[in-house]
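Numbered by our numbering, the letters in the sequence shown go through residues 112 to 616 in order. Where is the CB? At the ideal position from N, CA and C, for every residue including glycine. What follows is a set of notes on a single structure, which appears directly below.
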Amino acid sequence: MNENLYSLFESRFPADRARPLMILEDGREISYGEAEATCARYASLLAGLGLAPGDRVAVQVEKSPEALLLYLACLRAGLVYLPLNSAYQQGEVGYFLGNAEPGAVVAQPRSMPWLEPLAAGRGIRHVFTLDEHGQGSLVQAAGAASPQFATVQRASSDLAAILYTSGTTGRSKGAMITHRNLASNATVLHAYWGFRPDDVLVHMLPLFHVHGLFVACHCVLMNGTAMRFHAKFDARRALADFARSTVFMGVPTFYTRLLAEAGLTREACAGMRLFVSGSAPLLAETHAQFEERTGQRILERYGMTETGMLTSNPLAGERRPGTVGFPLPGTSVRVVDDEGRACAAGEIGHIQVKGDNVLPGYWRLPEKNKEEFTADGFFRTGDVGTFSADGYLSIVGRSKDLIITGGYNVYPKEVELAIDELPGVAESAVVGVPHPDFGEAVTAVVVARPGATAPTESEVIAWLKSRLANFKVPKRVFLVEELPRNTMGKVQKNVLRDRYAGKGA
Ligand code: MLC
Ligand code: AMP
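As structure tokens, this is what we get:
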């Protein structure tokens with residue numbers, strides 16, 4: 112049996128391949144048959160270049176149907192898909208390419224002036240373009256490639272993807288994701304959320320992270336049905352689509368933005384059967400307002416890049432606001448104290464997880480693997496939570512220094528290191544403060560070097576914009592004389608969070 116994830120999807124495709132997989136904003140449809148042929152062409156092209164199973168393909172493109180088909184092509188050819196947020200800047204991409212050593216890169220035409228020399232310097236021979244309209248040298252070259260491709264044999268432990276996640280040290284780690292990890296999670300979610308033959312999903316998430324790619328697209332592919340495929344989130348377009356769809360998935364910012372639309376009514380959502388939220392905490396207040404306006408109870412779930420989805424509120428049964436529900440079938444979730452002893456219901460502790468969905472480890476970081484897994488094989492999520500007596504998990508905080516803004520993770524250390532490189536800066540601290548749209552806003556507090564002229568807020572922001580993905584750039588920068596420290600000399604980030612609460616926008 113071929114344990115290639117693509118083979119699992121293929122076994123679920125509709126018998127009538129003329130049925131749509133993607134319905135685009137302009138009404139154009141991409142059928143399952145077309146998708147199969149196009150991804151076979153991309154797979155033929157990549158394999159024809161001499162890329163062998165296990166080789167990495169780095170992809171930094173805007174969302175397009177072709178981007179999804181390129182992912183499927185990599186699966187089919189046994190290549191390891193390495194998606195990169197399209198907002199990443201040159202320095203960030205350079206690190207990923209150096210670390211992952213891909214055999215090919217596909218990127219936006221606008222990146223070519225810096226990407227081509229960067230790739231050449233790293234010995235990457237194959238560089239293709241793919242733009243937001245699905246055009247570029249990749250598509251041109253694939254035009255001559257065969258629309259037939261025999262899916263490469265893979266074992267379930269073979270890598271399907273590497274997704275980089277930042278770390279508390281400021282350096283990114285490549286989470287190695289296997290065919291088993293993805294297949295098990297896709298199978299579980301498809302069943303747990305009760306997908307039906309008539310489901311149509313509204314897809315507005317980016318394709319370079321777990322939520323949009325693995326959760327949303329995999330459920331659709333497992334169901335063999337259609338998604339209404341949008342380039343990005345847009346509240347009005349979402350509302351228009353709810354009238355002819357059944358399932359929606361989003362980060363909490365999507366829901367707060369939908370609530371700002373007068374058109375969000377019970378009638379507008381009458382045909383919808385499921386609204387899913389995740390990637391960041393959904394405020395109980397958002398849950399309540401959404402129910403009041405639409406009669407729909409958002410189903411909140413919890414997951415991570417490294418683990419896929421871990422817990423979910425139930426499809427039938429109480430969806431409890433402020434909780435992330437129950438461990439998914441096949442996933443063990445435990446809450447332990449600092450000594451690793453199990454916490455009783457109601458006690459707060461570290462969330463640790465185990466299951467077929469959990470990564471085998473980080474790319475080329477054996478020492479990190481030792482740190483991140485317990486002796487009995489549980490992965491340390493870095494999240495802090497508690498189980499209720501009736502089994503609902505609540506996330507109450509994080510032991511990792513992490514900000515989640517609009518569903519994207521920002522590790523303060525990475526931003527602090529970049530600020531500290533500015534002339535005139537002695538040190539900095541970056542914290543998340545509540546933000547009405549993004550949930551948390553990245554906020555920087557900067558101390559000038561004695562005797563030096565401190566950079567202004569706009570200078571710090573301009574500097575960071577040239578170096579880091581835009582969502583990592585602080586919304587506000589405050590200059591101070593000194594940072595608050597505890598008796599051990601450690602910066603008291605909680606003091607800063609309190610001090611700047613309400614000043615993050
Ligand atoms: C954009 N901006 C953000 C931002 N997104 N700022 C903070 N946080 C964000 N998330 C800023 C840009 O820097 C820019 O600023 C300005 O907003 C406009 O940019 P935009 O691209 O036009 O914004 P918009 O389209 O409104 O995007 C907002 C968003 C998007 C919420 C729709 O961020 C989004 O789609 N988020 C989803 C993230 C996601 O998929 N997360 C899943 C991770 S997987 P300026 O100053 O340059 O103008 C995961 C596991 C799990 O976590 O459990 O799911
Ligand atoms: P990422 O590394 O981008 O995959 O982000 C994973 C992190 O997002 C988790 O470790 C949690 O901290 C957070 N997260 C995901 N879903 C939820 C949720 N429903 N509620 C609270 N935090 C969440």
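So which of the options has the shortest CA-CA distance to residue i?
i: Thr279; options: Val435, Gly493, Val331; result: Gly493
i: Leu476; options: His546, Met287, Val444; result: Met287
i: Ala231; options: Ile530, Val469, Gly214; result: Gly214
i: Tyr275; options: Ser268, Asp269, Lys284; result: Lys284
i: Lys614; options: Trp474, Leu579, Gly209, Pro547; result: Pro547
i: Lys576; options: Gln200, Ser118, Thr298; result: Gln200
i: Pro595; options: Val542, Pro585, Ala552; result: Val542
i: Met112; options: Met223, Gln264, Val469; result: Gln264
i: Val447; options: Ala399, Gly457, Ser248; result: Gly457
i: Arg307; options: Arg152, Asp487, Gln251, Val358; result: Val358
i: Gly550; options: Arg128, Ile515, Glu450, Leu324; result: Ile515
i: Arg404; options: His329, Ala371, Ala455, Arg167; result: Ala371
i: Arg452; options: Asn468, Gly472, Asp487; result: Asp487
i: Gln463; options: Met415, His320, Glu136; result: Met415
i: Cys150; options: Gln219, Thr367, Leu590, Leu249; result: Leu249
i: Glu173; options: His320, Asn292, Ala616; result: His320
i: Asp127; options: Thr336, Thr262, Val591; result: Thr336
i: Ser222; options: Gly205, Gly209, Met338, Leu385; result: Gly205
i: Thr564; options: Val588, Phe589, Val536, Asn581; result: Val536
i: Gly496; options: Phe489, Ile459, Pro534; result: Ile459
i: Ala184; options: Gly281, Ala198, Val558, Leu156; result: Leu156
i: Val444; options: Leu312, Gly254, Asn468; result: Asn468
i: Leu513; options: Ala395, Glu525, Ala163; result: Glu525
By the 10 Å Cβ neighbour count, where 16 or more other Cβ atoms means buried, how is residue i classified, buried or exposed?
i: Glu570; result: exposed
i: Met599; result: exposed
i: Glu527; result: buried
i: Asn597; result: exposed
i: His244; result: exposed
i: Gln259; result: exposed
i: Asn605; result: exposed
i: Lys583; result: buried
i: Glu203; result: buried
i: Ala343; result: Contrary to the premise, residue 343 reads as Lys rather than Ala in this sequence. When all chains shown are included, Lys343 counts as exposed.
i: Lys481; result: exposed
i: Gly508; result: exposed
i: Thr289; result: buried
i: Pro585; result: buried
i: Thr567; result: exposed
i: Ala146; result: buried
i: Ser122; result: exposed
i: Ala616; result: exposed
i: Ser499; result: exposed
i: Glu411; result: buried
i: Asn581; result: exposed
For residue i, is the beta carbon positioned less than 7 Å from some heavy atom of the ligand NAP?
i: Val544; result: As for the ligand NAP, it is missing from this structure, which binds only the ligand MLC and the ligand AMP.
Taking C-beta to C-beta, are residue i and residue j nearer than 8 Å?
i: Leu421; j: Thr442; result: yes
i: Thr418; j: Ser505; result: no
i: Pro194; j: Val170; result: yes
i: Ala612; j: Val521; result: no
i: Arg491; j: Glu483; result: yes
i: Thr364; j: Gly518; result: yes
i: Val556; j: Ala573; result: no
i: Ser267; j: Ala294; result: yes
i: Pro409; j: Leu426; result: Checking the displayed sequence, the identity of residue 409 turns out to be Ile instead of Pro. Not closer than 8 Å, so no.
i: Arg107; j: Tyr117; result: Coverage of the chain is limited to positions 112 through 616, which leaves residue 107 absent and any answer about it impossible.
i: Val299; j: Leu439; result: yes
i: Pro224; j: Phe340; result: no
i: Ile134; j: Val191; result: no
i: Met338; j: His314; result: yes
i: Ala391; j: Val362; result: yes
i: Ser423; j: Gly436; result: yes
i: Asn115; j: Thr262; result: yes
i: Ala256; j: Gly374; result: no
i: Thr554; j: Arg587; result: yes
i: Leu181; j: Leu208; result: no
With which residues is residue i paired in a DSSP beta bridge?
i: Arg265; result: None, per the DSSP bridge assignment.
i: Arg339; result: Ile134, Val313
i: Glu140; result: Ile134
i: Phe589; result: Val556
i: Val480; result: First, the amino acid is wrong: residue 480 is Asn here, not Val. Bridge partners of Asn480: none, in fact.
i: Tyr413; result: Thr422
Which residues count as close to the ligand MLC when the rule is a CB under 6 Å from any of its heavy atoms, in chain order? This selection yields Leu316, Pro317, His320, Val321, His322, Gly323, Lys343, Phe344, Val362, Thr364, Gly389, Ser390, Gly414, Met415, Thr416, Thr516, Gly517, Gly518, Tyr519, Phe549, Asn581, Phe582.
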